[in-house]
Amino acid sequence: MANHPNRSWKGKWDVDLEKRLATHEDGWVFQFVKAEEKGVWDGKLIIRPQNMTFDQIKNAQSIATQAGKAWNLAREKAKKSEW
1 MANHPNRSWK
11 GKWDVDLEKR
21 LATHEDGWVF
31 QFVKAEEKGV
41 WDGKLIIRPQ
51 NMTFDQIKNA
61 QSIATQAGKA
71 WNLAREKAKK
81 SEW
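Reminder that position 39 of the sequence shown reads as 39 in the UniProt record's numbering, one-by-one numbering, no gaps.
This is how it looks when you write it as C-alpha coordinates:
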(Lines of atoms letter the chains of each structure in order from A and count residues from 1; the text may use other names and numbers.)
(Lines give C-alpha, C1' and ligand atoms only; values in the text may rest on other atoms or scores of the structure.)
Protein backbone atom coordinates (compact mmCIF):
# COMPACT_ATOMS: atom_id res chain seq x y z
CA MET A 1 0.00 0.00 0.00
CA ALA A 2 1.41 3.40 -0.96
CA ASN A 3 1.84 6.05 1.70
CA HIS A 4 -0.81 8.73 1.73
CA PRO A 5 0.78 12.18 1.21
CA ASN A 6 -0.89 13.62 4.33
CA ARG A 7 0.58 11.02 6.69
CA SER A 8 3.85 12.88 7.02
CA TRP A 9 2.36 16.33 7.60
CA LYS A 10 3.70 16.58 11.18
CA GLY A 11 7.30 16.51 9.97
CA LYS A 12 6.69 19.61 7.87
CA TRP A 13 5.97 21.78 10.92
CA ASP A 14 8.21 23.43 13.50
CA VAL A 15 6.48 24.75 16.62
CA ASP A 16 8.04 27.33 18.94
CA LEU A 17 5.96 27.40 22.12
CA GLU A 18 7.80 30.39 23.58
CA LYS A 19 7.19 32.55 20.52
CA ARG A 20 3.78 30.91 19.98
CA LEU A 21 4.54 30.18 16.33
CA ALA A 22 3.92 27.23 14.03
CA THR A 23 6.06 27.35 10.88
CA HIS A 24 5.58 25.14 7.82
CA GLU A 25 8.52 24.20 5.60
CA ASP A 26 6.83 25.97 2.65
CA GLY A 27 6.91 29.31 4.48
CA TRP A 28 3.50 29.45 6.18
CA VAL A 29 3.75 30.96 9.68
CA PHE A 30 0.88 31.04 12.16
CA GLN A 31 0.91 32.88 15.48
CA PHE A 32 -1.24 31.63 18.35
CA VAL A 33 -2.91 33.72 21.05
CA LYS A 34 -5.14 32.68 23.93
CA ALA A 35 -8.82 33.12 23.19
CA GLU A 36 -11.36 34.33 25.72
CA GLU A 37 -12.63 30.78 26.18
CA LYS A 38 -10.51 28.84 28.67
CA GLY A 39 -8.07 26.43 27.04
CA VAL A 40 -8.71 27.72 23.53
CA TRP A 41 -6.05 29.21 21.26
CA ASP A 42 -6.64 31.19 18.08
CA GLY A 43 -4.20 30.87 15.20
CA LYS A 44 -3.57 33.73 12.81
CA LEU A 45 -1.65 33.53 9.54
CA ILE A 46 1.15 36.09 9.78
CA ILE A 47 3.40 35.02 6.88
CA ARG A 48 2.50 33.13 3.72
CA PRO A 49 4.75 31.75 0.99
CA GLN A 50 5.72 34.22 -1.70
CA ASN A 51 4.73 33.38 -5.28
CA MET A 52 2.17 30.82 -4.15
CA THR A 53 1.33 27.98 -6.48
CA PHE A 54 -2.23 26.99 -7.35
CA ASP A 55 -1.87 23.90 -5.14
CA GLN A 56 -0.77 26.01 -2.17
CA ILE A 57 -3.76 28.30 -2.62
CA LYS A 58 -6.08 25.31 -3.00
CA ASN A 59 -4.67 23.69 0.17
CA ALA A 60 -4.60 26.82 2.35
CA GLN A 61 -7.49 25.62 4.52
CA SER A 62 -5.75 22.29 5.11
CA ILE A 63 -2.51 24.09 6.00
CA ALA A 64 -4.36 26.23 8.56
CA THR A 65 -5.92 23.10 10.08
CA GLN A 66 -2.51 21.43 10.24
CA ALA A 67 -1.05 24.49 11.97
CA GLY A 68 -3.66 24.21 14.71
CA LYS A 69 -3.07 20.48 15.09
CA ALA A 70 0.71 20.94 15.21
CA TRP A 71 0.30 23.65 17.87
CA ASN A 72 -1.96 21.45 20.00
CA LEU A 73 0.31 18.41 19.66
CA ALA A 74 3.35 20.44 20.71
CA ARG A 75 1.52 21.82 23.74
CA GLU A 76 0.35 18.34 24.77
CA LYS A 77 3.88 16.97 24.38
CA ALA A 78 5.29 19.83 26.49
CA LYS A 79 2.73 19.17 29.23
CA LYS A 80 3.63 15.48 29.33
CA SER A 81 7.34 16.25 29.63
CA GLU A 82 6.64 18.48 32.66
CA TRP A 83 5.50 15.45 34.64
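Glycine included, C-beta positions come from ideal geometry on N, C-alpha and C.
No experiment lies behind these values; they were computed from the predicted model shown.
Since residue i contacts residue j with CB under 8 Å, what's their CB separation in whole angstroms?
i, j, result
"K44", "Q61", "About 15 Å; that fails the 8 Å criterion."
"W41", "W71", "7 Å"
"V33", "R20", "7 Å"
"A74", "V15", "4 Å"
Evaluate residue i with the Cβ neighbour count: other Cβ atoms within 10 Å of its Cβ, from every protein chain shown; 16 or more gives buried, anything less gives exposed.
i, result
"Q50", "exposed"
"T23", "buried"
"I46", "exposed"
Does DSSP put residue i in a helix, in a strand, or in coil?
i, result
"W13", "strand"
Within the continuous alpha helix (DSSP H) that includes residue i, where are the two ends?
i, result
"D55", "F54 to K58"
Pull the bridge partners of residue i from the DSSP assignment, please.
i, result
"K34", "W41"
"A78", "Answer is none; A78 lacks a bridge partner."
"I47", "V29"
"L21", "D16 and Q31"
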